[in-house]
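Residue numbers (numbering that gives the first Met the number 0): 0 to 339. From the three backbone atoms N, C-alpha and C, an ideal C-beta is built for every residue, glycine too. Quantities reported herein were computed from a predicted structural model and do not represent experimental measurements. The structure appears below as C-alpha cells.
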Amino acid sequence: MTVHRVAFLVFDGVKMLDVSGPTEVFAEANTLGACYSLRYTSSSGEPVRTSIGTRLPVDAAAAEVDADTLVVPGADPLVTEPIPSDLTEAVRLLRAHTHRLVSICTGSFVLAAAGLLSGHRATTHWRHAQLLARAYPDIRVEPDSLFVEDRGIFTSAGVTAGIDLALSLVERDQGADLARDVARNLVMSMQRPGGQSQFSAPLKGTRREPPPAPSPLIPACCRRRPVRRGGGAQVSEAVVLPSLRIAFLLVRCRGGGRVGVVAHRFVAPVEVGHAVGGRTAGRARARRRADELREEADRIQAELAAAQQEWQEWRSPASGSVCCCPRRLAPGSRTMLRRR
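Take a look at the structure:
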C-alpha cells in the first residue's frame, strides 16, 4: 500500500485542536487499514509552544520534510500580529513538494501571506472572514462554508471544521466506507459537507449580549419539544413541526427581544437548517436503508404473487379436490370452505 505523507507545519501559539483534531482522524484511519505517515515540522526544526501552553516537539525542520499533504493550522496571533517571514517561507518551500495544501481556521492567513491563495476561493473562521477579504482582495472569501477546495488547496473554517475537512480527505483517499468507520469510531457526524453553514440558525438568531430580563421560552423551544406556558410572557400561538421534532413558541411580548429577531423570521431558518443537517447526516444511512427496503420489497412481492396464485387456485371451479379445512383470508375475517 502506498504511504501518504502528511506534514503539519506548527509554530509558536498554534491552536492545539487545529493540530490534534485532524491528526486523530488520520491516525484512526490508519487503524482501519489506511497508510498515512504523520509528521510535525517547524520552520527551524525546534519544538514550539502551543495555544494551551504545552511544548510540542517536531520531527524535522521544514527544509528536511517531503510531504504529499501539507497542513497549516491556525493561531490567534495570525490575525493580530504580522505573520513571521520564516513561516511564509517554510510554507512556500513545502508547497513546492506537495500536491495538496490544507489550512485549518486562521491558517489561511499564512497561505494568503505566502501568496498561495491569490485568485483562489477560500474560507476561514467566520469571525475573521471579512478581515481576510479586506487584506487580500484577490481572494474570493466564502465566509459561510465549513471548508472549500480550489485547485488542490483546501481551506477550512474554525477549529472543529478542520476535523470535518480531514474526514473529507480520508474519504477522497480511502473511500466512503473507511471514512464512515472513522467517523463512527470517533463519534462524529458523517458528515458535514463543505458548503454547510459554519454555525446553525439558532446560533445566528441569538444575540451575544441578551437584553435584561429575557424570556427563556424561545431558546428552550430550540432544545426540546414540549410546548408550555410560563416565564411571565404571553403566548399567542404555538407552531409544532413534528417532522423536525421542534416546537416554537411565538411570544407576543418579549420573543423578539430575546432572540434578536421576530419569531416568524426565526422559525424558517431553523426549520431549513435542521432539514439540511438531518438530510446530510442521514444520507449514508438512507442508502443502506434503501438497500434493505429493496430486499424487503422483493420478498413481499414474492409472497404476494404466491398468495394471488393460491387465491386463484382456491376460486377455480376446475379444482377437482374438496378442501374441508377452512382457510382464513385475513386476521379476524370469516373462514371460507372450498366447494365442489
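A check of alpha carbon separations from Val13 across Arg293, Val71, Val169, Val5 identifies Val71 as the nearest. Cβ-Cβ distances below 7 Å link Asp65 to Arg4, His96 in the same chain, with the five nearest sequence neighbours on each side left out; the list follows chain order. The secondary-structure analysis by DSSP pairs Phe10 with nothing; it has no beta-bridge partner. When DSSP states are grouped into helix, strand and coil, Thr68 belongs to the strand group. Phe7 is the residue among Gly32, Phe7, Leu31 whose C-alpha sits nearest the C-alpha of Gly20. Leu31 is a Cβ neighbour of Leu177, given a cutoff of 8 Å. Counting along the chain, Thr30 sits inside the alpha helix (DSSP H) bounded by residues 15-30. In the structure shown, Ser155 falls within a strand segment according to DSSP collapsed to helix, strand and coil. For Thr79, the closest C-alpha among the options Arg126, Leu69, Gly118, Ile103 is that of Arg126. Residue state for Arg288 is assigned as helix, using DSSP reduced to three classes. By the criterion of a C-beta distance shorter than 6 Å, Asp85 is surrounded in its chain by Ser42, once the five residues flanking it on both sides are discounted. The alpha-carbon separation between Thr123 and Ala289 amounts to approximately 37 Å. Looking at the DSSP output, Asp85 shares a beta bridge with no other residue.
In this structure, the CA atom of Glu291 is about 34 Å from the CA atom of Glu148. In the DSSP assignment, Asp149 falls within the unbroken beta strand (DSSP E) covering 146-149.
With 16 or more other CB atoms across the displayed protein chains lying within 10 angstroms of its CB, Arg94 is buried. Burial check for Leu303: the Cβ neighbour count within 10 Å stays below 16, so the residue is exposed. In this structure the stretch 48-55 does not touch the stretch 24-38; the number of beta carbon pairs closer than 8 Å is below three. When DSSP states are grouped into helix, strand and coil, Ser43 belongs to the coil group. When the Cα atoms are used, Asp75 and Asp17 turn out to be separated by approximately 11 Å.
For Leu100, the secondary structure class from DSSP, reduced to helix, strand or coil, is strand. In this structure, Val90 lies near Val109, with their beta-carbon atoms less than 8 Å apart. Ile138 sits close to Ser117, with the two beta carbons spaced by under 8 Å. With 16 or more other CB atoms across the displayed protein chains lying within 10 angstroms of its CB, Glu27 is buried. Straight-line spacing of the CA atoms in Arg48 and Met0 works out to 35 Å. For Ser107, the enclosing alpha helix (DSSP H) stretches over residues 106-112. In the three-state reduction of the DSSP assignment, Ser50 falls in the coil class, being assigned neither a helical nor a strand state. Of the residues assessed, Arg284 falls on the exposed side of the cut-off, its CB having fewer than 16 other CB atoms within 10 angstroms. Inclusion of Val24 and Leu145 in the CB contact set at 8 Å is not warranted, their separation being larger than that value.
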